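One structure below.
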Amino acid sequence: MSSKKGAKCEEFELRRGPWTLEEDTMLIHYIARHGEGRWNLLARCSGLKRTGKSCRLRWLNYLKPDVKRGNLSPEEQFLILELHSKWGNRWSRIAQFLPGRTDNEIKNYWRTRVQKQARQLKIDANSSIFRDALRCYWMPRLLDQMSLADSSSNSNPNPNPIPQQVHNTDSSDPVMSTSCYGQSSSTNCSMDRLPELAPSPYEDPFLAYGLDALDSAAVPAVATDCAAGGGGSDWEGLWSMDEAWHVRKQHEEECGGGIFLQ
DNA sequence: AATCCACACAACCGCCTTGTT
DNA sequence: CAACAAGGCGGTTGTGTGGAT
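Under full-length UniProt numbering, think of the first position of the first sequence as 1, with each following residue one higher.
Printed below as a string of structure tokens:
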């Protein structure tokens with residue numbers, strides 16, 4: 001079977017690796033004429049020496065007009081952390097709540113930024129300790145950045161406008177019940193009990209999750225203190241050395257000084 | 001100036017699901 | 001209902017780039 005496959009590949013001399021400008025142009029023009037979908041047909045008829053899969057990926061992750069480029073905003077980062085805590089590595093599902101962002105981009109963000117922090121602390125990124133750390137230190141900081149940006153650009157319309165709404169302090173709210181900022185979430189952040197929310201690209205995620213409820217009052221003192229960021233000059237790290245030490249120590253206590261990742 | 005290293009991101013691979021015949 | 005093809009998804013790898021040494 002695999003040899004047959006290989007022979008097929010050779011027969012059509014399928015190209016691999018980075019896409020050229022010419023290939024991009026061909027793909028864009030073909031989709032402009034015939035629309036998306038039927039990727040294998042597209043690959044055969046467009047003149048591209050690529051697999052249908054490759055064409056699909058290139059279009060969805062890079063060429064599609066509504067693909068957003070550039071750094072993730074604090075709002076987007078916050079959403080990624082929040083949704084990942086609920087759904088785990090369901091990147092495409094998470095991406096549905098970040099218009100213009102692809103699952104690939106979100107996955108890369110998680111691996112390069114978030115998991116990097118876990119590695120530095122020598123903690124499993126999926127551990128409850130690390131999740132707590134995200135909630136106590138990182139997410140409040142993002143909230144802080146969001147409010148700072150908000151207050152400094154009152155006259156400047158937000159590119160991703162978040163509709164004003166009534167504050168939701170209902171404890172049954174998915175975010176408030178599972179996120180428990182600053183509290184120990186090790187008991188109630190289980191992936192087994194993910195909220196069954198119907199994701200929709202048209203639904204405002206902040207509205208859906210009641211994220212407006214996460215004002216400073218909702219964040220515990222320790223978290224807001226950290227978020228206030230005494231001493232954080234530029235926002236490079238996600239937490240200070242003190243915070244990292246605290247997380248690490250907590251982890252040591254919980255694991256009895258044992259099981260660190262290498 | 002050269003080399004090394006870490007990072008970010010694009011692209012590929014394999015598996016699974018879904019739709020069609 | 002089975003077989004097959006296509007699409008979708010998550011994990012992994014490859015590569016270009018910028019900073020550090």
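By construction, the Cβ of each residue, glycine as well, lies at the ideal position given by its N, Cα and C atoms. Predicted model only: the values in this text are computed from it and were never measured.
Under 8 Å by Cβ, that's how I've got N71 and N104 pegged, so tell me the actual separation to the nearest angstrom.
-> As a working mapping, residue 71 is identified with position 71 in the first sequence. As a working mapping, residue 104 is identified with position 104 in the first sequence. Rounded, the Cβ-Cβ distance is 16 Å, inconsistent with contact.
Range covered by the alpha helix (DSSP H) that runs through K53 | The residue given as residue 53 occupies position 53 in the first sequence. Unbroken alpha helix (DSSP H) run through K53: 52–58.
Do you know whose CA, among R101, T102, R93, L134, lies nearest R113's CA?
-> Counted from its first residue, the first sequence places residue 113 at position 113. The shortest C-alpha separation from R113 is found at L134.
State yes or no: is the C-beta of M146 within less than 7 Å of the C-beta of P74?
-> Counting from 1 along the first sequence, the entry for residue 146 is found at position 146. Counting from 1 along the first sequence, the entry for residue 74 is found at position 74. Yes.
Kindly indicate the opening and closing residues of the alpha helix (DSSP H) around I80.
-> One-based indexing of the first sequence puts residue 80 at position 80. Segment 74–87, the alpha helix (DSSP H) holding I80.
State the DSSP-derived secondary structure class of residue 289, mapped to helix, strand or coil.
-> The question about residue 289 has no answer here: the residues shown for the chain are numbered 1 through 262.
Look at the Cβ atom of Y30, then the Cβ atom of S54, and state whether they are nearer than 7 Å.
-> Stepping through the first sequence from its first residue, residue 30 is reached at position 30. Stepping through the first sequence from its first residue, residue 54 is reached at position 54. No, these two residues do not count as a Cβ contact at 7 Å.
Assuming residue 263 contacts S85 under a Cβ cut-off of 8 Å, what Cβ separation, rounded to an integer in Å, is found between them?
-> Past the edges of the chain, shown from 1 to 262, lies residue 263, and the structure says nothing about it.
For V102, count neighbouring C-beta atoms within 10 Å of its own C-beta (all shown protein chains included) and say buried if the count is 16 or more, exposed if not.
-> Position 102 of the first sequence, counted from the start, is the residue given in the question as residue 102. Position check: residue 102 holds Thr in this sequence, whereas Val was assumed. Looking at its Cβ environment, which holds 16 or more other Cβ atoms inside 10 Å, T102 is buried.
With distances taken from CA atoms, which of L79, L81, I106 is nearest S92?
-> What you label residue 92 is simply residue 92 of the first sequence in a count that begins at 1. Minimum Cα distance to S92 is reached at I106.
Residue interval of the alpha helix (DSSP H) (run including S92) | To locate residue 92, count along the first sequence from 1; it is residue 92. Segment 91–95, the alpha helix (DSSP H) holding S92.
Distance, P65 Cα to L57 Cα | Walking along the first sequence from the start, residue 57 turns up at place 57. Walking along the first sequence from the start, residue 65 turns up at place 65. Computed Cα separation, rounded: 14 Å.
Express the C-alpha separation of D24 and P18 in angstroms, rounding to a whole number.
-> Within the first sequence, numbered from 1, the residue matching residue 18 stands at position 18. Within the first sequence, numbered from 1, the residue matching residue 24 stands at position 24. Cα to Cα, P18 sits roughly 10 Å from D24.
7 Å Cβ shell around L48 - same chain, five flanking residues per side excluded = Residue mapping note: residue 48 aligns to position 48 of the first sequence, counting from 1. If we look at L48 and ignore the five residues flanking it on each side, its Cβ neighbours are E23, M26, L27, C55.
Coil, strand or helix - W110 by DSSP | Indexing the first sequence from 1 puts residue 110 at position 110. Of the three classes helix, strand and coil, the one that applies to W110 here is helix, per DSSP.
Please state whether DSSP places K116 in a helix, a strand or coil.
-> Taking the first residue of the first sequence as position 1, residue 116 is located at position 116. If DSSP states are grouped into helix, strand and coil, K116 belongs with the helices.
Pick helix, strand or coil for T102, following the three-state DSSP scheme.
-> Position 102 of the first sequence, counted from the start, is the residue given in the question as residue 102. Reduced to three states, the DSSP call for T102 is coil.
May I have the straight-line CA-CA distance separating T51 from A43, to the nearest angstrom?
-> Residue mapping note: residue 51 aligns to position 51 of the first sequence, counting from 1. Residue mapping note: residue 43 aligns to position 43 of the first sequence, counting from 1. Whole-angstrom Cα-Cα distance: 6 Å.
Proximity to V67 [Cα-Cα], best of A95, A32, L148 | In the first sequence, the residue the question calls residue 67 occupies position 67. Of the candidates A95, A32, L148, the one whose C-alpha sits nearest the C-alpha of V67 is A95.
Mark L143 as exposed unless 16 or more other C-beta atoms lie within 10 angstroms of its C-beta, in which case mark it buried.
-> By one-based count along the first sequence, residue 143 stands at place 143. So L143 counts as buried.
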